[in-house]
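Beneath this line is the structure, given in structure tokens, with notes to follow.
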Amino acid sequence: MEVPSRSSLADFLAVAALGFLVFGPGFAWLAARSRPYETFSDVLWSTGVWSGLLFGVAVGLVSAFLLKPRPSSFTIESPEALRSRLERALSRTRHVIQQDAGNEILLRPARRPPLPILKEATVLLRISGNQVTIIGTRSIASRLKRSLTTP
Numbered sequence: 077m078e079v080p081s082r083s084s085l086a087d088f089l090a091v092a093a094l095g096f097l098v099f100g101p102g103f104a105w106l107a108a109r110s111r112p113y114e115t116f117s118d119v120l121w122s123t124g125v126w127s128g129l130l131f132g133v134a135v136g137l138v139s140a141f142l143l144k145p146r147p148s149s150f151t152i153e154s155p156e157a158l159r160s161r162l163e164r165a166l167s168r169t170r171h172v173i174q175q176d177a178g179n180e181i182l183l184r185p186a187r188r189p190p191l192p193i194l195k196e197a198t199v200l201l202r203i204s205g206n207q208v209t210i211i212g213t214r215s216i217a218s219r220l221k222r223s224l225t226t227p
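As structure tokens, this is what we get:
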């Protein structure tokens with residue numbers, strides 16, 4: 077079982093486009109409100125487009141880096157204890173079990189992502205003896221690890 081592959085380029089483009097659409101008009105609106113003699117369209121073309129590109133690209137690069145799946149390992153007492161803690165942790169992390177193949181558990185988000193272009197943030201748990209490896213995005217893997225290790 078493998079974590080579905082993510083395209084960093086697709087993540088970058090989706091978040092950069094959203095950042096451009098939010099930051100460009102947002103900064104232009106703020107600048108137009110502070111300059112009474114300039115219209116929104118004047119400010120949008122002189123400032124808003126460039127600020128949208130600048131912040132959209134920066135937010136897109138950071139998001140693409142953070143959405144890349146990474147492995148994280150920790151030790152457990154027993155696989156049975158992990159499975160009992162997993163049931164409680166899933167409600168806190170808002171994930172559900174998509175596939176359970178003994179020593180490998182594939183989790184998916186309970187809700188759809190905010191942008192349809194972004195793929196679901198699936199998480200793979202690999203259990204081998206008293207060692208668990210979580211493969212997923214940094215934020216989800218750390219939240220799940222914290223939920224599984226705290227009593």
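Residue numbers (our numbering): 77 to 227. All C-beta atoms, glycine included, are put in the ideal place defined by N, C-alpha and C. These figures come from a predicted structure and were not determined experimentally.
Assuming residue i contacts residue j under a Cβ cut-off of 8 Å, what Cβ separation, rounded to an integer in Å, is found between them?
| i | j | result |
| --- | --- | --- |
| Gly212 | Val199 | 4 Å |
| Pro101 | Leu120 | 7 Å |
| Gly124 | Ala104 | 3 Å |
| Arg161 | Leu224 | 5 Å |
| Val172 | Ala186 | 5 Å |
| Ile210 | Ser148 | 5 Å |
Could you give the first and the last residue of the continuous alpha helix (DSSP H) run that contains residue i?
| i | result |
| --- | --- |
| Glu70 | The requested residue 70 does not occur in the structure, where the chain is confined to residues 77 to 227. |
| Arg164 | 155-169 |
| Ser84 | 84-110 |
| Arg146 | It is not in any alpha helix (DSSP H) - Arg146 instead sits in the beta strand (DSSP E) that spans 146-151. |
| Gly128 | 125-142 |
| Ser117 | 116-119 |
Whole angstroms is fine: what's the gap from residue i's alpha carbon to residue j's?
| i | j | result |
| --- | --- | --- |
| Gly205 | Pro155 | 7 Å |
| Gly128 | Ala157 | 49 Å |
| Arg184 | Arg214 | 15 Å |
| Leu97 | Val91 | 10 Å |
| Glu242 | Leu130 | Because the chain is modelled from 77 through 227, residue 242 falls outside the range shown and cannot be assessed. |
| Thr169 | Tyr113 | 50 Å |
| Arg222 | Arg82 | 24 Å |
| Gln174 | Ala93 | 30 Å |
| Thr151 | Asp176 | 20 Å |
| Ser218 | Gly95 | 25 Å |
| Arg188 | Ile216 | 15 Å |
| Ser167 | Asp118 | 49 Å |
| Ser122 | Thr226 | 52 Å |
Relative to the alpha-carbon of residue i, which residue among the options has its alpha-carbon at the smallest distance?
| i | options | result |
| --- | --- | --- |
| Leu220 | Gln174, Gly124, Gly102, Ala165 | Ala165 |
| Ala197 | Arg161, Pro145, Gly95 | Pro145 |
| Phe141 | Ser117, Asp87, Val208, Arg222 | Asp87 |
| Leu143 | Arg188, Ser84, Thr226 | Ser84 |
| Trp126 | Thr115, Phe99, Arg159 | Phe99 |
Could you spell out where the beta strand (DSSP E) holding residue i opens and where it closes?
| i | result |
| --- | --- |
| Leu200 | 199-204 |
| Thr226 | Neither: Thr226 is in no beta strand (DSSP E) and is coded neither H nor E. |
| Thr209 | 207-212 |
Original post:
Contact between the stretch 107-119 and the stretch 134-147: three or more CB pairs below 8 Å?
Top reply: no
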